[in-house]
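J.: Just so you know, the protein sequences line up as chains L and S, in that order.
Under the working numbering, the first residue of the first sequence carries the number 95, and numbering increases by one thereafter.
Under the working numbering, the first residue of the second sequence carries the number 445, and numbering increases by one thereafter.
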Amino acid sequence: MTEEKDTASSATPTTTNMVTTARRLLDSELNVVNIGLEIFHNALKLQNIKVVDVNWSPPPKLDKETEDLLDKIL
Amino acid sequence: MKISEKLRQSSGVSEASIVMATETNKGVLIRLGFSPSLIEQANESDMIIAVRAKDKQSIDLASEQIGKLFESTEEEHRLDSRDHEETTTDIDLALRKMPGTNLVLLSIPGEYVKDISYKLIDQGIHQQIFSDHVPVEDELKIKKHAVTKGVLILGPGAGTSIMNGKGIGFSNTISVGPVGIVAAAGTGLQEVACLLDHCGIGVKHGLGVGGNDPKDKIGGIMMLECMKILEKDDDIKVIAIVSKPPSPSVEQKIVEYVIGNSTKKYVLAFIGGQLTAGTTTDHHRGTVKVNSLASCVLAIANVLGNQQLQKAISQIYIRPEGLANLLQGEWSKLRSNQKYIRALYTGGTFTYEAQVILRDIIDIGQMHSNAPIEQIKKLQDSFKGEMHSIIDLGEEEFTKGRPHPMIDPTIRKFRILEEAKDPEVGVILLDFVLGYGSNPDPVGAVLDELQLAKEIANKEGRYLPVITHVCGTKNDIQGYERSVSKLHSAGCIVMPTNALAVIGSALISQRGQIELGNIYSRYIELPHDWNQF
Numbered sequence: 095m096t097e098e099k100d101t102a103s104s105a106t107p108t109t110t111n112m113v114t115t116a117r118r119l120l121d122s123e124l125n126v127v128n129i130g131l132e133i134f135h136n137a138l139k140l141q142n143i144k145v146v147d148v149n150w151s152p153p154p155k156l157d158k159e160t161e162d163l164l165d166k167i168l
Numbered sequence: 445m446k447i448s449e450k451l452r453q454s455s456g457v458s459e460a461s462i463v464m465a466t467e468t469n470k471g472v473l474i475r476l477g478f479s480p481s482l483i484e485q486a487n488e489s490d491m492i493i494a495v496r497a498k499d500k501q502s503i504d505l506a507s508e509q510i511g512k513l514f515e516s517t518e519e520e521h522r523l524d525s526r527d528h529e530e531t532t533t534d535i536d537l538a539l540r541k542m543p544g545t546n547l548v549l550l551s552i553p554g555e556y557v558k559d560i561s562y563k564l565i566d567q568g569i570h571q572q573i574f575s576d577h578v579p580v581e582d583e584l585k586i587k588k589h590a591v592t593k594g595v596l597i598l599g600p601g602a603g604t605s606i607m608n609g610k611g612i613g614f615s616n617t618i619s620v621g622p623v624g625i626v627a628a629a630g631t632g633l634q635e636v637a638c639l640l641d642h643c644g645i646g647v648k649h650g651l652g653v654g655g656n657d658p659k660d661k662i663g664g665i666m667m668l669e670c671m672k673i674l675e676k677d678d679d680i681k682v683i684a685i686v687s688k689p690p691s692p693s694v695e696q697k698i699v700e701y702v703i704g705n706s707t708k709k710y711v712l713a714f715i716g717g718q719l720t721a722g723t724t725t726d727h728h729r730g731t732v733k734v735n736s737l738a739s740c741v742l743a744i745a746n747v748l749g750n751q752q753l754q755k756a757i758s759q760i761y762i763r764p765e766g767l768a769n770l771l772q773g774e775w776s777k778l779r780s781n782q783k784y785i786r787a788l789y790t791g792g793t794f795t796y797e798a799q800v801i802l803r804d805i806i807d808i809g810q811m812h813s814n815a816p817i818e819q820i821k822k823l824q825d826s827f828k829g830e831m832h833s834i835i836d837l838g839e840e841e842f843t844k845g846r847p848h849p850m851i852d853p854t855i856r857k858f859r860i861l862e863e864a865k866d867p868e869v870g871v872i873l874l875d876f877v878l879g880y881g882s883n884p885d886p887v888g889a890v891l892d893e894l895q896l897a898k899e900i901a902n903k904e905g906r907y908l909p910v911i912t913h914v915c916g917t918k919n920d921i922q923g924y925e926r927s928v929s930k931l932h933s934a935g936c937i938v939m940p941t942n943a944l945a946v947i948g949s950a951l952i953s954q955r956g957q958i959e960l961g962n963i964y965s966r967y968i969e970l971p972h973d974w975n976q977f
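Written out as structure tokens, the structure reads:
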């Protein structure tokens, strides 16, 4: 796909990318990953939007020593 | 919540709540009249089952029901789990399960958003961030990083977006058409989209950028990007910006972009913003500036053509004399000490707009809110009305550890009855938001309380007006007409827009003694010099 040029005098390559990629999103079929509240997953399903649901929970809170150790290992 | 709903339907049960023992939930249960000494014994990891019924027999029946309901819910969950192959606990796995993921919807506690958002940005995945309480420094970093990667970030704090007619988050079933909206106000976007739908005007895209975006700290980063995105869509003829007034520097960027680059017509709806002479229209570029959600819709219709404007007027506008005639019967039945408006809102933007309009009509010194705008006093206790009280039931004191009031009506039911008991209340003002994500029947859920409220007042020789508006469309699951019909059956007044409901509540509380013409010219009507561009 050729990139479209923004006519704004303040156009930058990054701004042009945003317009192009976002328009691609808006004009395409949505493929959604829902992270968090189940009601949003349900709302998307009701509209026949493809969605994968992540039943997210926060990472365990570790003390600093353990965190530092894990950072070294991983 | 499903079990609580089923339990409330049991014979003899007047209230049932099955909730985790968070501080908010415990506070609510105590307000609902359950024993504080018992409730305070529960820890955060405990579940509280609270049931109020008319007699011991009903309690025993309810107890039996509880066991059966928990068993059946487990079974339903097991069955559902087998069908929900698309559920996982791992984000990376989820992305692999959805090849070509082009949008992530993120609704997790704000402190965790940045790390996840960054990883998604690096993979080029656009996001709608519903999460509140994302630190503003994080939001700025996220958006700056996203711009360098060409990734769209909607939110944080964005409850609603519309993409080619599909709703993301809390949203409504609307028709697709020639309007694009950039909004820093979730229920504001919903209201404008739904009202346009009533007027036969469709919305192609509505992009929610979150309430912080138009402030100085974020500088309108995504608001401007979204304007550029919509500007490139040939199907879109008019772009509306819906927001509280941006910071002056952001407003300047918006106006400079529109004047310098746009080929489309713009409606700038800065709710509560000042309209100064000479800035309401820019005939050269077809930019109009309004300061309410209702006038935003009229302005859009005006831009699209006279036929569209006439239809919009017929759908969402009531002439001042018509409004006064309609409501005179309400205020004529009030006792002399029934003075105050008590607004119990589920939509934050409606709360904001109500304060903006009422501040121009009634004594500011008597106005209170739990989410006050400039010049309005903060309520001492969000759970108790004072004089005129405009309450956002979606604020944190009501929602921490609890579902949003658009989903769970428990707190609003309680508040409706509390306000009904106050002999100084002259009118109750309510919003009902339909659509995806909302309660399956927002009106039905409080219908008993609305009828009971009027009975409570009646027993004490008072008449209690209730004025409402419904934000929704005929194609929403809950049904706009059905919802309106239920409200009428409960003796409630239904206005087509929040602005008219607010003005109506002021008319009632002030016994018709307000400068309607002046208020209409500021918040409802189009300026007299507007013609079709």
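The C-beta atom is built at its ideal place from N, Cα and C for all residues, glycine as well.
Since this is a predicted model, take the numbers as computed values, not measurements.
1) From the DSSP output, in three-state form, read off residue 464 (chain S) for me.
2) Using a Cβ-Cβ cut-off of less than 8 Å, list which residues of the segment 554-566 of chain S approach chain L; keep chain order.
3) Mind reading off the beta-carbon distance from residue 912 (chain S) to residue 931 (chain S)? Whole number of angstroms is fine, and I expect it under 8 Å.
4) Can you find at least 3 beta carbon pairs, one from the segment 461-481 of chain S and one from the segment 837-856 of chain S, that sit closer than 8 Å?
5) Which residues, in order along the segment 528-543 of chain S, keep a beta-carbon less than 8 Å from a beta-carbon of chain L?
6) Please classify residue 522 (chain S) as buried or exposed, where buried requires at least 16 neighbouring CB atoms within 10 angstroms.
7) Examine the Cβ distances between the segment 559-569 of chain S and the segment 595-604 of chain S and report whether three or more of them are shorter than 8 Å.
8) On a CA-only basis, which of S:599, S:632, S:619 and S:640 is nearest residue 662 (chain S)? Give me that one, please.
9) Which of the residues in the segment 874-906 of chain S, read from start to end, lie with their CB under 7 Å from any CB of chain L?
10) Rounded C-beta distance between residue 130 (chain L) and residue 552 (chain S)? I'm assuming under 8 Å.
11) Is the segment 580-591 of chain S close to the segment 882-890 of chain S, with three or more CB pairs under 8 Å?
12) Going by the DSSP bridge assignment, what does residue 915 (chain S) pair with across the sheet?
13) Please report the distance separating the alpha-carbon of residue 820 (chain S) from that of residue 679 (chain S).
14) In whole angstroms, what separates the C-alpha of residue 609 (chain S) from that of residue 150 (chain L)?
15) On the DSSP letters alone, give me the boundaries of the alpha helix (DSSP H) that residue 667 (chain S) sits inside.
16) Straight-line CA distance for residue 460 (chain S) to residue 509 (chain S)?
17) How big is the Cα-Cα spacing for residue 555 (chain S) and residue 692 (chain S)?
18) To which residues of the same chain is residue 660 (chain S) closer than 8 Å at the C-beta, ignoring the five residues directly before and after it?
19) Alpha carbon to alpha carbon, what distance is there between residue 606 (chain S) and residue 114 (chain L)?
20) May I ask which residues mark the beginning and end of the alpha helix (DSSP H) holding residue 755 (chain S)?
21) Compare the C-alpha of residue 859 (chain S) against each of S:766, S:834 and S:883 and name the closest.
22) Once you ignore the five residues that flank residue 451 (chain S) on each side, which residues in its own chain have a CB closer than 8 Å to its CB?
23) The beta strand (DSSP E) spanning residue 652 (chain S) covers which residue range?
24) Can the beta-carbon of residue 794 (chain S) be found less than 9 Å from the beta-carbon of residue 875 (chain S)?
25) Starting from residue 562 (chain S) and walking both ways along the beta strand (DSSP E), at which residues does that stretch end?
26) What does a CB cutoff of less than 7 Å around residue 906 (chain S) pick up in its chain, not counting 5 residues either side in sequence?
27) In chain order, what residues of the segment 122-135 of chain L put their CB closer than 7 Å to some CB of chain S?
28) Verify the CB distance criterion: does residue 469 (chain S) have a CB-CB separation below 9 Å to chain L?
29) What's the call for residue 580 (chain S), buried or exposed, on a 16-neighbour Cβ count within 10 Å?
30) Using the Cα positions of residue 934 (chain S) and residue 900 (chain S), report the straight-line distance between them to the nearest angstrom.
31) Whole angstroms is fine: what's the gap from residue 817 (chain S)'s alpha carbon to residue 796 (chain S)'s?
T.: If we stick to the structure as given:
1) One-based indexing of the second sequence puts residue 464 (chain S) at position 20. Residue 464 (chain S): strand per DSSP, three-state reduction.
2) 556 and 560
3) Start at 1 with the first residue of the second sequence, and residue 912 (chain S) comes out as number 468. Start at 1 with the first residue of the second sequence, and residue 931 (chain S) comes out as number 487. With a Cβ gap of about 6 Å, residue 912 (chain S) and residue 931 (chain S) count as contacting.
4) yes
5) 528, 530, 531, 532, 533, 534, 535, 538, 539, 541, 542 and 543
6) Position 78 of the second sequence, counting from 1, holds the residue named residue 522 (chain S). The pLDDT assigned to residue 522 (chain S) is 44, lower than 50, so where the model puts this residue is not dependable, and the model offers no usable value.
7) yes
8) To locate residue 662 (chain S), count along the second sequence from 1; it is residue 218. Residue S:599 is the option with its Cα nearest to residue 662 (chain S).
9) 880 and 881
10) Residue numbering aside, residue 130 (chain L) sits at position 36 when the first sequence is read from its first letter. Residue numbering aside, residue 552 (chain S) sits at position 108 when the second sequence is read from its first letter. Confirmed, Cβ separation roughly 5 Å.
11) no
12) The residue labelled residue 915 (chain S) in the question sits at position 471 within the second sequence. For residue 915 (chain S), which the question treats as bridged, DSSP gives the partners S:877.
13) Here residue 820 (chain S) is taken as the residue at index 376 of the second sequence, counted from 1. Here residue 679 (chain S) is taken as the residue at index 235 of the second sequence, counted from 1. C-alpha separation (whole angstroms): 42 Å.
14) Position 165 of the second sequence, counted from the first residue, corresponds to residue 609 (chain S). Position 56 of the first sequence, counted from the first residue, corresponds to residue 150 (chain L). The alpha-carbon atoms of residue 609 (chain S) and residue 150 (chain L) are separated by roughly 28 Å.
15) On the second sequence, residue 667 (chain S) is found 223 positions in, with the first residue counted as 1. Start and end: 665-675.
16) Walking along the second sequence from the start, residue 460 (chain S) turns up at place 16. Walking along the second sequence from the start, residue 509 (chain S) turns up at place 65. About 12 Å.
17) Along the second sequence, read from residue 1 onward, the residue named residue 555 (chain S) stands at position 111. Along the second sequence, read from residue 1 onward, the residue named residue 692 (chain S) stands at position 248. For residue 555 (chain S) and residue 692 (chain S), the distance between alpha carbons rounds to 29 Å.
18) Numbered from its first residue, the second sequence carries residue 660 (chain S) at position 216. The residues are 691, 693 and 694.
19) For the purposes of this step, residue 114 (chain L) is taken as the residue at position 20 of the first sequence. For the purposes of this step, residue 606 (chain S) is taken as the residue at position 162 of the second sequence. One C-alpha to the other measures close to 18 Å.
20) Counting from one through the second sequence, the residue named residue 755 (chain S) turns up at place 311. From DSSP, the alpha helix (DSSP H) with residue 755 (chain S) extends over 750-760.
21) The count along the second sequence starts at 1 and reaches residue 859 (chain S) at position 415. Selected option, being the one with the closest Cα: S:834.
22) For the purposes of this step, residue 451 (chain S) is taken as residue 7 along the second sequence, with counting starting at 1. Here the set comprises 457, 460, 462, 495, 506, 509, 510 and 513.
23) Translated into positions along the second sequence, residue 652 (chain S) becomes position 208. Here the beta strand (DSSP E) through residue 652 (chain S) covers 647-652.
24) Numbered from its first residue, the second sequence carries residue 794 (chain S) at position 350. Numbered from its first residue, the second sequence carries residue 875 (chain S) at position 431. Contact: yes.
25) The residue you call residue 562 (chain S) lines up with position 118 of the second sequence. Counting along the chain, residue 562 (chain S) falls outside any beta strand (DSSP E), though it belongs to the alpha helix (DSSP H) covering 557-566.
26) To locate residue 906 (chain S), count along the second sequence from 1; it is residue 462. Hits under 7 Å: 779, 782 and 867.
27) 122, 124, 125, 126, 127, 128, 129, 130, 131, 133 and 134
28) Here residue 469 (chain S) refers to the residue found at position 25 when the second sequence is read from its first residue. No, residue 469 (chain S) does not count as interfacial toward chain L.
29) Along the second sequence, read from residue 1 onward, the residue named residue 580 (chain S) stands at position 136. Flag for residue 580 (chain S) reads exposed.
30) Taking the second sequence and counting its residues from 1, the one referred to as residue 934 (chain S) is at position 490. Taking the second sequence and counting its residues from 1, the one referred to as residue 900 (chain S) is at position 456. Residue 934 (chain S) and residue 900 (chain S): Cα-Cα distance of roughly 14 Å.
31) The residue labelled residue 817 (chain S) in the question sits at position 373 within the second sequence. The residue labelled residue 796 (chain S) in the question sits at position 352 within the second sequence. Between residue 817 (chain S) and residue 796 (chain S), the C-alpha separation is close to 7 Å.
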